[in-house]
Amino acid sequence: MMVLSGEMEFRLIAFDSMGAKSSCTLVKTPDTSILIDPRAAIMQKSFPLQDPEKQFYLQSAIKQIKEEMKKAEHIVLSHYHFDHYMIDEESCEIYLNSDMWIKDPNRWINHSQWERSRDFLQLMSKVNKTDLKHSPPGQKQYKDPVECLPIAFSKYLGNYQERRGELISNWRSNYSAYLSSILYDRL
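Residue numbering for the sequence shown follows the UniProt record's numbering, starting at 1 and increasing by one per position.
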């Protein structure tokens with residue numbers, strides 16, 4: 001599927017509705033090309049196809065994704081689920097020909113993705129024949145996102161106003177607790 005918007009082109013390379021679990025998207029402009037989340041996985045058991053058909057769609061998706069990877073100027077890995085990035089030597093060699101935009105492996109990430117990010121970066125380092133430099137992340141102060149939404153939070157919500165205040169208060173408490181413990185003990 002392709003959508004044109006002015007001089008931009010959006011192509012769905014592999015998606016669940018195309019038979020393989022994925023959200024691989026290609027964005028092209030006159031200046032560059034960006035491939036987002038270049039991977040697919042086999043559809044879940046409840047998907048209404050037989051296993052051989054699921055395998056066919058998965059292999060077709062992976063083949064097409066690898067072709068697009070070879071042509072993309074930029075590749076984006078939004079997060080470390082196996083249906084969003086490939087982790088094999090051949091793919092890592094292809095990645096080296098593009099500018100990589102990867103999810104920060106140290107911030108706003110759960111433990112399983114944190115571990116997968118290390119596996120991915122170690123394989124990239126091996127393929128690229130370089131050593132990863134390891135240094136603990138520096139402390140980062142995050143701004144309260146509610147403060148960045150003055151228009152949304154200036155709206156009066158009638159009967160829901162009090163409940164919104166409670167939810168924001170609870171969220172701020174949890175947010176502060178999360179920030180004080182954010183992943184530094186994992187490194």
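Idealized CB from N, CA, C, for every residue including glycine.
Given a cut-off of 9 Å on the beta-carbon distance, is the pair ARG39 and LEU26 in contact?
no
Would you tell me roughly how many angstroms separate the C-alpha atoms of ARG186 and PRO105, rounded to the nearest one?
With a pLDDT of 41 at ARG186, under the threshold of 50, the modelled position of this residue cannot be trusted, and the question is left open.
Classify GLU162 as buried or exposed, calling it buried when 16 or more other Cβ atoms lie within 10 Å of its own Cβ.
exposed
Identify the continuous alpha helix (DSSP H) that holds ILE94 and give its terminal residues.
Boundaries of the alpha helix (DSSP H) around ILE94: 89–95.
Are the segment 75–95 and the segment 43–52 touching by the rule of at least three beta carbon pairs closer than 8 Å?
no
How big is the Cα-Cα spacing for ILE13 and ILE62?
9 Å
Helix, strand or coil for LEU49, going by three-state DSSP, please let me know.
LEU49: coil per DSSP, three-state reduction.
In the DSSP assignment, find the beta strand (DSSP E) that holds MET8 and state where it starts and stops.
8–15
What's the C-alpha gap between GLY165 and ILE109?
27 Å
Can you list, in chain order, the residues of its chain with a C-beta nearer than 7 Å to that of ASP131? Leave out the 5 residues immediately preceding and following it.
SER125
Tell me whether TRP108 sits in a helix, a strand or coil according to DSSP, three-state version.
Coil, per DSSP.
Using the beta-carbon count (16 or more within 10 Å), is LEU149 buried or exposed?
exposed
Sorted by chain position, which residues of the same chain lie with C-beta nearer than 6 Å to ASP99's C-beta, five sequence neighbours on each side aside?
The beta carbon of ASP99 sits closer than 6 Å to the beta carbons of HIS74 from its chain, once the five residues preceding and following it are set aside; these are given in chain order.
Given this structure, state the Cα-to-Cα distance separating ASN128 from GLU93, to the nearest angstrom.
8 Å
Leaving out five residues on either side along the sequence, give the residues of the same chain with a beta carbon under 8 Å from the beta carbon of ALA41.
ALA20, LYS21, SER22, LEU58, PHE82 and ASP83
Which residues in the same chain have their Cβ closer than 8 Å to the Cβ of THR32, if we skip the five residues on either side of it in sequence?
Within its own chain, the residues whose Cβ lies closer than 8 Å to the Cβ of THR32, once the five positions on either side in sequence are excluded, are GLU73 and HIS74, listed in chain order.
Distance check for GLU68 and LEU183, CA to CA, integer angstroms please.
Bear in mind that the predicted position of LEU183 carries a pLDDT of just 43, short of 50, making it unreliable; the figure below should be weighed with that in mind. Answer to the nearest angstrom: the Cα atoms are 34 Å apart.
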